[in-house]
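Have a look at the structure below before the remarks.
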RNA sequence: GGGCGCGUAGCUCAGGAGGUAGAGCAACGGCCUUUUAAGCCGUGGGUCGCAGGUUCGAAUCCUGCCGCGCUCACCA
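In the numbering used here, the protein residues as written are 1462 to 1963.
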């Protein structure tokens, strides 16, 4: 089953060895990439300088005693021309044993063909790695200036499971991950310039906290104790604020044992930053500036198009209180509505609320149902109910609210920030309340972290904190429809390989 | 977890009123020393996701399972 294709290539491998050629050599010195020879063609062809280039063979066009072929390297693709009388008998014999997918190196001068195509004339040919499994390279043509790809490697399951093929065959995929890298670099550049210290806090935690979510549990063998993969790094970063670091951030993975869909992967990346002596208003400014800085670094623009929708990141973003937002989008005056009316409104907007939840939970549910999907342009929703914000400081003028905001873009929650709760007695009461929720069966209620409280009891300065979902930010910047398009190896159910042989 | 859809050659896809499979590309053989979805001639390649059932006969109809996608619910 499909074995003959591999057997044929293994035979070629043996033939190559019989020629005295090592099919897996150790290195190859290169002088140029694909983009370079196009950019410097005039100088290269005038000087008859020989270039040394390497890449993966993706197309061959044979002409008897000569052949054209395209190689792909990290910067694009380039054409080579192999001619028997120029490359020599041995190189040409090797050439005839090569396959699409092999890595090869070439050396020779650069010239233009009759049709004007910049091409490397092969004087020296080196096999750098023989591929024994076929590479399903699609065909490409240029039609009317547009690149048209035929039979593109497109099966999503295969693309995600065999990302190496996706990357090798679909150049746009590489581009998305380059944007991801640029995004994270820009975040660091932005924060480092503002005096933030990058830190690393535990991923394996004896207690999980900092967010409302179900955790993954593992077990430490020697200590014989359960450990949790963090759902957030928030409580550790705030301990560092207690320690006097003043400005810290971490970019890292969180793990949440929840559903998987287009915007959720079990492990995902968060940027969290904390700044002493700041409040949530400062975080609003940082959030806007950070977004703009990153967008300009990554895309060179502060506007973008996401899945056909124009989005303008230019600050300032509208700041609307949650209650005002609900009133605006639903005509419900939350301040005057009874709990029963709120519950009815939730149901009307399709949110099925568990009976007898707290008023703040109802308000939040109503907000999520009737407002969230409408927040396409960047919007800061501010002043969340206490009930859904156990780590946020009470609002300076509204007793039932906290100083918390979330960033919404394209109807998605893109960030979350507070004036951090630093009153240890209040924090203890909030944890106690979470415990009663947990005892009533709310598996996502937060767990009391006594050591965190102890830290806070030693004194924590007023602090602003901000968390931003990295994956979703990259989705926006790269116009990626699914979180799986911005995570190199997204979570997939394991599937037994049907051809388990190598 | 629910609903809808999909799973056929290495890849991209046809077929599907039930009669044991086709194309293009890739591969293999032949011709070809400036092509570019190179071209021309020829050849090989499939337990039609898995397991049952109906039937003389199943890729096709039915059931279950597995995987993927979209979507709803929970969550970032």
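Just so it is clear, CB atoms sit at the ideal spot from N, CA and C, and this is done for glycine as well.
Reduced DSSP secondary structure (H/G/I, E/B, other) of residue i
i            : result
residue 1611 : strand
residue 1657 : coil
residue 1579 : strand
residue 1901 : coil
residue 2037 : Coverage of the chain is limited to positions 1462 through 1963, which leaves residue 2037 absent and any answer about it impossible.
residue 1914 : helix
residue 1944 : helix
residue 1954 : coil
residue 1600 : strand
residue 1909 : coil
residue 1628 : helix
residue 1925 : strand
residue 1937 : helix
residue 1853 : strand
residue 1665 : strand
residue 1633 : helix
residue 1616 : coil
residue 1764 : strand
residue 1753 : helix
Residue of the options minimising C-alpha distance to residue i
i            : options                : result
residue 1776 : 1786, 1764, 1784       : 1764
residue 1531 : 1495, 1554, 1606, 1482 : 1495
residue 1880 : 1783, 1873, 1742       : 1742
residue 1847 : 1838, 1837, 1860, 1839 : 1860
residue 1796 : 1784, 1807, 1757, 1931 : 1784
residue 1850 : 1869, 1821, 1874, 1868 : 1821
residue 1937 : 1837, 1574, 1677, 1728 : 1837
residue 1574 : 1920, 1604, 1529       : 1529
residue 1588 : 1553, 1594, 1618, 1906 : 1553
residue 1557 : 1624, 1621, 1476       : 1476
residue 1929 : 1470, 1771, 1855, 1714 : 1714
residue 1596 : 1828, 1518, 1858, 1607 : 1518
residue 1651 : 1709, 1639, 1694       : 1709
residue 1565 : 1504, 1480, 1490       : 1490
residue 1481 : 1782, 1839, 1555, 1736 : 1555
residue 1884 : 1541, 1524, 1853       : 1853
residue 1873 : 1549, 1931, 1695, 1500 : 1931
residue 1816 : 1510, 1526, 1902       : 1902
Local Cβ density within 10 Å of residue i, reported as buried at 16 or more and exposed below that
i            : result
residue 1876 : buried
residue 1673 : buried
residue 1924 : buried
residue 1686 : exposed
residue 1516 : buried
residue 1809 : exposed
residue 1824 : buried
residue 1843 : buried
residue 1886 : exposed
residue 1712 : buried
residue 1646 : exposed
residue 1698 : buried
residue 1803 : buried
residue 1670 : buried
residue 1738 : exposed
residue 1755 : buried
residue 1465 : exposed
residue 1484 : buried
residue 1640 : buried
residue 1598 : buried
residue 1947 : buried
**Asked** At which residue ranges does the segment 1464-1525 contain complete beta strand (DSSP E) runs of 3 or more residues, listed in the order of the chain?
**Response** 1511-1523
**Request:** Entirely within the segment 1770-1848 and at least 3 residues each: give me those beta strand (DSSP E) ranges in chain order.
**Result:** 1770-1773, 1780-1782, 1840-1843
**Request:** For the segment 1647-1661 and the segment 1947-1957, state whether three or more C-beta atom pairs, one from each stretch, are separated by less than 8 Å.
**Result:** no
**Asked** Any contact of the segment 1826-1843 with the segment 1790-1798, i.e. 3+ C-beta pairs under 8 Å?
**Response** Yes, the segment 1826-1843 is in contact with the segment 1790-1798.
**Request:** Just list the alpha helix (DSSP H) runs in the segment 1667-1751, keeping only unbroken ones of 4 residues or longer that don't cross its boundaries, in chain order.
**Result:** 1695-1703
**Item:** Completely contained beta strand (DSSP E) runs for the segment 1536-1591, where each covers 3 or more residues
**Value:** 1537-1544, 1564-1573, 1579-1582, 1585-1590
**Message:** With a threshold of 8 Å, are at least 3 pairs of Cβ atoms found where one atom belongs to the segment 1563-1570 and the other to the segment 1579-1597?
**Reply:** yes
**Prompt:** What residue ranges within the segment 1858-1895 form continuous beta strand (DSSP E) runs of no fewer than 3 residues, ordered along the chain?
**Reply:** 1865-1870, 1873-1880
**Prompt:** Are the segment 1606-1616 and the segment 1916-1930 touching, with three or more C-beta to C-beta distances below 8 Å?
**Reply:** Contact fails: fewer than three Cβ-Cβ distances are below 8 Å.
**Asked** Quick check: the segment 1660-1679 against the segment 1689-1698, are there 3 or more CB pairs under 8 Å?
**Response** yes
**Prompt:** Quick check: the segment 1483-1502 against the segment 1536-1544, are there 3 or more CB pairs under 8 Å?
**Reply:** yes
**Asked** Does the pairing of the segment 1749-1768 with the segment 1719-1729 give three or more beta-carbon distances under 8 Å?
**Response** no
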